[in-house]
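For any residue, its number in the working numbering is found by taking its place in the sequence shown, counting from 1, and adding 246.
Note that beta-carbon positions come from the ideal geometry of N, C-alpha and C, so glycine has one too.
As the structure is a prediction and not an experimental result, all values here were calculated from the model.
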Amino acid sequence: MKQITLLKEKTEELLQNKSEKYVKVFFSFLEEVRKYFKKQSFFYINSLSNYPELKKTTDDDFLEKIKPLFEKIYNLGQKKQLEKLNENLKMYGYSDFVSKYDILIKNEEAIKYAENRAGEFIEGINQTTQKQISEIISNGIKESKDIHTIASEINNTFLNYGLFRATLIAQQETAMAYNHATRKMIDNFADDLDVEGWKRAVTQKDSSVRDSHRTNEAEGRIPKNQVFSTGHDNAPFGYFCRCDVIYSLVNPETGKLYDNEEYDFWGGYSDEQIEKFNENFGFLKKDFLDNLFIEGKDFIKKYNLTIEEAITLQSFSGNTYHSFNEGFFGKMDGNFTSGIKFFINALNKIENSSGTFFRGHKSYTKQEMDFLDKLQIGDIYENKHFFSSSEDKETGIDFMKKEKFGAVLFEINTKKAKKIKDISNISAENEFIFIPGQTFKVEKIDFFENDNKIYKKITLSDLN
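Shown next as structure tokens:
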């Protein structure tokens, strides 16, 4: 892949002397991937571990010696830009697409821009001065320098500028380079997926904002390739502008990637497009992609699921399932709230199913297990978290055996189950989901033997 090729080219160039520059490039890359793009970290690491020259430089002693240096580099420059990019795409687009383009690629685009164009909007300077400024800005990005360091270098080079003007130039030129790199990434996403893409301007909303820039913000979301009212395609909208542009791949009005009938969300994907997606985003588990884009496409189309709803619903039967429930017990941070929202929205679109379902119920705490032990016939049981169930009793028993604090087998007679078999990671289990807040009446309590152990079974029915 492109990013692996680029990394190898850089390391081949720098491995000879194990320079500080090499350390910055490699370790900032590897650590940023680990922290921000967890889904593809193993993909990168496994690829890199097969590169002999690189592998022999990454023994434990070497890593320990390098760690303090990396921490300094990381704190100086990269963190803020990455957090901003990652958060923007989480909020306004499909964040998993970020994983195709890592921080090294983004820095490369920013460096190219700075080398060729930094300083071109500064009035009253000649070509030689512009070249000097572009070298300072591009080297600052290469070496992860902070704004104050870059400003000091500009001030020391051009003594008549003064620190205030030098700082404004450093902020503006660095922002322009990174904004260009971000736009380049979004263009690549849109090209890969054959979508138009959207954007909106965001101002600082204070008295210093220019009226024309407020007009840009008032336009709201517009197609990615349309210019704003000021005539600009991207931020900044003039020199010393502090505005930003937020991008989205998904149509903000429909919540869909594709608007026309031919490409009615993932359900309209052709085999060639699915194959292309697998090629570009192969770091996702194959069974995840197969279920979501092939086996699940009719299900997604039937219930008109958005991208986020489809991803969270399909992920439920994987590791994300436990995270949703932890969120209800206050163990997740605020970033998980949107995932729960999409998940509930998806379930509400699916019709209810009637029948008898079995659940090997996990107790999240010892207190909950104690509560279940005290339940009696006629008591009311409220489901306080998401749980999965199956029409197959043996499947419920198998899950019950794995629980930490002990478990019970629920036999549930209901008209309110949500069938997700056709999109589930574990579709062979004929999976059904129950939404938090449902109430049941305890109809029967008995015991049964399995593998020489005695287990409790609680029979529930809808309260009304």
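| Item | Value |
| --- | --- |
| Assuming Gly601 and Ala663 are in contact, meaning their beta carbons sit under 8 Å apart, how far apart are those beta carbons, in whole angstroms? | 7 Å |
| Looking at C-beta atoms only, is the number of pairs between the segment 438-457 and the segment 387-397 that lie closer than 8 Å three or more? | no |
| Report the rounded CA-to-CA distance for Lys690 versus Lys702, giving the unit in angstroms. | 11 Å |
| Please state whether DSSP places Tyr701 in a helix, a strand or coil. | strand |
| Between the Cα of Leu655 and those of Phe693, Arg429, Ala421, spot the shortest distance and give me the residue it belongs to. | Phe693 |
| What first and last residue would you give for the alpha helix (DSSP H) that runs through Asn462? | 457-464 |
| Spell out the partners DSSP gives Gly386 in its beta bridges. | Answer is none; Gly386 lacks a bridge partner. |
| Quick one: is Asn698 buried, meaning 16 or more other Cβ sit within 10 Å of its Cβ, or exposed? | exposed |
| Using the rule of at least 16 other Cβ atoms within 10 Å of the residue's Cβ for burial, across every protein chain shown, is Tyr485 buried or exposed? | exposed |
| Would you call Gly606 buried or exposed, if buried means 16 or more other Cβ atoms sit within 10 Å of its Cβ? | buried |
| By alpha-carbon positions, which one of Lys665, Tyr627, Thr428 ends up nearest to Asp708? | Tyr627 |
| Taking its Cβ as the centre, do 16 or more other Cβ atoms sit within 10 Å of Pro482, making it buried, or is it exposed? | buried |
| My understanding is that Leu732 touches Ile679, with C-beta atoms under 8 Å, so please give their C-beta distance in whole angstroms. | Any answer about residue 732 is impossible in this case: the structure gives the chain only from 247 up to 710. |
| Relative to the alpha-carbon of Thr685, which residue among Glu695, Ile666, Ile658 has its alpha-carbon at the smallest distance? | Ile658 |
| Tell me, please, whether the segment 357-367 touches the segment 398-406 by the rule of three or more beta-carbon pairs shorter than 8 Å. | no |
| Within 10 angstroms of the Cβ of Gln464, are there 16 or more other Cβ atoms? Answer buried if so, exposed if not. | Just to set this straight, residue 464 is Ala in the shown sequence, not Gln. It is exposed - the Cβ of Ala464 has fewer than 16 other Cβ atoms within 10 Å. |
| Beta-carbon separation of Asn480 and Asn425 under 7 Å? | yes |
| How should Glu695 be labelled, buried or exposed, when 16 other C-beta atoms within 10 angstroms of its C-beta is the threshold for buried? | exposed |
| By how many angstroms is the C-alpha of Ala421 removed from the C-alpha of Gly408? | 20 Å |
| Could you give the distance in angstroms between the alpha-carbon of Gln373 and the alpha-carbon of Thr403? | 15 Å |
| Who are the near neighbours of Ala412 in its chain, counting only those whose CB is closer than 6 Å to its CB and skipping five residues on each side? | Ala397, Ile400, Asn401 |
| Using the C-alpha atoms, what's the distance from Phe617 back to Gly624? | 15 Å |
| Taking His459 as the reference, give the member of Thr476, Gly466, Arg467 with the closest Cα. | Thr476 |
| Taking the beta strand (DSSP E) that Phe680 belongs to, which residues open and close that run? | 677-680 |
| Using C-beta distances below 7 Å, list every residue in its chain close to Thr449, excluding the 5 sequence neighbours before and after it, in chain order. | Val455, His459, Arg460, Glu463, Cys489 |
| Select from Phe633, Leu559, Ile590, Val688 the residue whose C-alpha is nearest the C-alpha of Leu621. | Val688 |
| Quick check on the DSSP output: the beta strand (DSSP E) that includes Phe633 runs from which residue to which? | 633-636 |
| My assumption, with CB atoms under 8 Å, is that Pro682 sits in contact with Phe632. Please give the rounded CB distance. | 6 Å |
| Short check: CB of Ile383 to CB of Glu419, under 7 Å? | yes |
| In three-state DSSP terms, what is Lys647? | coil |
| To the nearest angstrom, how far is it from the Cα of Asn629 to the Cα of Lys547? | 29 Å |
| Which class does His394 belong to by DSSP, given the choice of helix, strand or coil? | helix |
| Please name the residue or residues paired with Gly589 in a DSSP beta bridge. | Gly is not the amino acid found at residue 589; the sequence shown has Phe there. Paired residues: none, contrary to the question. |
| Let's test the definition: count the other Cβ atoms within 10 Å of the Cβ of Gly370 and tell me whether it reaches 16, buried, or not, exposed. | exposed |
| Taking Cβ positions, are Ala364 and Ser380 nearer each other than 7 Å? | yes |
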